[in-house]
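Down below is the structure, laid out as structure tokens.
In our numbering, the protein residues as written are 15 to 570.
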């Protein structure tokens, strides 16, 4: 009897052990599946940024100048922001703001020449630490060892359009070809041969185009030279309704755009015509010289091999023939119009190549199935003048340089065809990407995640105005230092350092920003409120009068 009881208990004990083992295996399996699902649920991020791409040159915003069907795909299949803007409209500072989520005065990169504070944490570092595979191809503009990036090939400084050199983690290399095509080839090669399929990825795909000087591919060069583009209504602005800053800036297409550097007039043609513009030279505060047009025609064209030069010469011959036949008989208005067309032909031709290449990458995402869990962002490091107010370049708080294109696609998360009118900035990118990837953002980042707007939750978005501060003066283009506050209705700016002038623009009734109404009694209440809001905003973002005066250039 006792033996029977012991045998029965032993059988029961074995059965319980088997049940516990099965239960434990189920727990492990469930945990494993949950962990894998969570890992797979973390979205991939493809961050596409061009350099100086004006929102006016994207057909999703305005189709009068160019058709950009591939970039438009991102907007049509996701959200487009109509009031996206930057904190400081100049290349390297904008990129530093994007990487750190902090204003220029805190990350140290207030202009293209001041050093970036390398102790700052960048969002790619946070992604890498969280298990993402990270990569960067194209134009960073500062530094040669991007933090938190597993694999990279980046252009040194501004880089070159033709047969560009790249700085790499292991070695530097020169690649034959056109820069937009090459950057895309590198990006696609990474996707096909280097991507770790067990990890989500952060890919930073960064175009050089359409940065000055605008050298298209030979094919686009020929195609766009045959096109004619509509002139902006403010092409011949005389700045009578604005202050000293607009009147003294050196970015006028007629006066400051260079024949050889920008319009592709050959040096031999300039010598023959005897009409050579003087070289513009600045002296930085440290005594070093700065030549914004150094190399002129010869530097970019000189990088081409003989086969490439033959292709370019076909169009160059036409440009120089046209110049020699027509220029001597033109008045200033006609010269301005000729230069504007040459500007648009080359600038927009470089953008056409960017659009083609964006399409190549989007097509690969769809063919590989990666599109289903990949957030795709398209933006620029700032806006750009396309003849508005007679200008090229950027820098000012005025809309064409202050506003930047921004569109985001995220299948099953962002409703296709969504539009946002809210005031958003490049300051917000880092926190947006981190929240989407379920990574905690550092408490000292200064932006706001765009996730509520991406999800259609406008009620959770509380910001109604943004802060702007430009520092690089005196320097290239002589845009005076200024800071300001902008909301959907008004823009208040203070120009300082060597002047003390205020400007207020009614963004609803004066969208071209032609008339400074700061002294108009009808706007006195608006001035009072915005001035206090600006004071509060400078305190919030830890900007100060001492920092305003800390950066000095001298002009030769």
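Cβ coordinates follow ideal geometry from the N, Cα and C atoms, glycine included.
Given the structure is predicted, the values throughout are model-derived calculations rather than measurements.
Our contact map puts residue 96 next to residue 437 with C-beta atoms below 8 Å; I'd like the distance itself, whole angstroms only. Contact doesn't hold; Cβ gap of about 10 Å is too wide.
Buried or exposed for residue 539, please, with buried defined as at least 16 other CB atoms from any protein chain shown within 10 angstroms of its CB. Looking at its Cβ environment, which holds fewer than 16 other Cβ atoms inside 10 Å, residue 539 is exposed.
Nearest-angstrom Cα distance between residue 141 and residue 421? For residue 141 and residue 421, the distance between alpha carbons rounds to 21 Å.
I need the boundaries of the beta strand (DSSP E) containing residue 75, first residue and last residue. Unbroken run through residue 75: none, as it is neither H nor E.
Quick one: grab the DSSP three-state call for residue 98. strand
Among 446, 452, 472, which has the Cα closest to the Cα of residue 460? Residue 460 has its Cα closest to that of 446, out of 446, 452, 472.
Pairing CB atoms from the segment 390–397 with CB atoms from the segment 55–66, are three or more of them under 8 Å? yes
Could you give the distance in angstroms between the alpha-carbon of residue 249 and the alpha-carbon of residue 553? 38 Å
Could you compute how far the alpha carbon of residue 1 sits from the alpha carbon of residue 152? The chain is shown only over 15 to 570; residue 1 falls outside these bounds and no answer can be derived.
Check whether the Cβ atoms of residue 517 and residue 257 sit closer than 7 Å, and answer yes or no. yes
Mapping DSSP to helix, strand and coil, what is residue 556? coil
Can you tell me which of the three DSSP states residue 62 falls into? strand
Nearest-angstrom Cα distance between residue 384 and residue 488? 47 Å
Buried versus exposed, by CB contacts within 10 Å (16 or more), residue 404: Residue 404 comes out buried.
Beta-ladder partner(s) of residue 480, from DSSP: 500
Test item: CB-CB of residue 417 and residue 75 under 7 Å: Residue 417 places its beta carbon 7 Å or farther from that of residue 75.
Spatial neighbours of residue 183 within its chain, please: C-beta separation below 7 Å, excluding the five flanking residues on both sides. Excluding positions up to five away in sequence, the list reads 165, 166.
Mapping the DSSP letters down to three states, classify residue 322 as helix, strand or coil. helix
Could you check the C-alpha separation between residue 210 and residue 324 for me, to the nearest Å? Whole-angstrom Cα-Cα distance: 42 Å.
Spatial neighbours of residue 462 within its chain, please: CB distance less than 7 Å, with the 5 preceding and 5 following residues excluded, ordered by chain position. 442, 445, 477
Start-end ranges of the alpha helix (DSSP H) lying completely within the segment 121–148, minimum 4 residues: 137–143
Beta carbon of residue 368, beta carbon of residue 227: below 7 Å? no
Starting from residue 283, follow the beta strand (DSSP E) in both directions and report where the run begins and ends. Careful: residue 283 lies outside any beta strand (DSSP E), inside the alpha helix (DSSP H) at 281–287.
Determine whether the beta carbon atoms of residue 411 and residue 498 lie at a separation below 7 Å. yes
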